[in-house]
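The next block holds one structure in the form of structure tokens; read it before the comments.
Residue numbers (my numbering): 1 to 50.
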């Protein structure tokens, strides 16, 4: 599973967990924020050859 697939899976799980009331909307937002930052960093690394 590449970085993009992992990111998409995390977004899907965050939505699913919120829909099932496992997490609050605020927790979902924090998860998405963190996942987005980590995904962006991984994409930067790929662009730099790492």
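Where a beta carbon is used, it is the ideal one built from N, C-alpha and C, also for glycine.
On a predicted model such as this, the values are computed, not experimentally measured, just so you know.
Residue 14, buried or exposed, once every other Cβ within 10 Å from all chains shown has been counted against 16: Under this definition residue 14 is a buried residue.
Span of the alpha helix (DSSP H) around residue 17: 3-19 is the extent of the alpha helix (DSSP H) around residue 17.
CA-to-CA distance, residue 44 to residue 12, given in whole angstroms: Each residue's alpha carbon lies about 23 Å from the other.
Spatial distance of residue 19 from residue 26 (CA atoms): C-alpha separation (whole angstroms): 13 Å.
Where residue 41 falls, given that 16 or more other Cβ within 10 Å makes a residue buried: With fewer than 16 other Cβ atoms within 10 Å, it is exposed.
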